[in-house]
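What the sequence shown shows, in our numbering, is residues 1282 to 1388, in sequence order. For each residue, glycine too, the CB sits at the ideal point set by N, CA and C.
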Amino acid sequence: MKWPWVSRRAYDVVAEQCIRLEAQVDKLQDALTRMTRVQVGLPEQTKERKQLEPMPQALEKHIMSYAGLNTRRMMRGAAYRRHARGEPWVDIMHDVMDEETIDAQKR
């Protein structure tokens, strides 16, 4: 296939227009997505979830030492919820575990 000869300036103008139109399409798609989310009762933008650190081994062992499955699930869920709210694992460990257990594990 033979392409027609065009000047470099004409090619640059068309390339810039193509880039501008692609950006405009992206903006329109974003607006449509937001409108659709609002119509179904969701917030306009999704919230970014921060990556949570894994539970420390010492706390995990302490929780798993309880006999009841429901008790372990409840304690584990409560610890993860507290951590998700921004509380550091060290503070959670001090609340959940008694001081003797923490000191024994440090040795």
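- Residue 1344 is a Cβ neighbour of residue 1357, given a cutoff of 7 Å.
- For the 7 Å CB-CB criterion, residue 1364 and residue 1333 form a contact.
- Between residue 1335 and residue 1370, the C-beta spacing is not below 7 Å.
- Taking the CA atoms as reference points, residue 1287 sits about 23 Å from residue 1303.
- Residue 1347 is positioned such that its CB atom lies no closer than 7 Å to that of residue 1354.
- Boundaries for residue 1327: no alpha helix (DSSP H) harbours it, and the DSSP string shows neither H nor E there.
- Residue range 1289–1320 is occupied by the alpha helix (DSSP H) that includes residue 1319.
- For residue 1341, the enclosing alpha helix (DSSP H) stretches over residues 1338–1345.
- Here DSSP, grouped into helix, strand and coil, assigns residue 1363 to helix.
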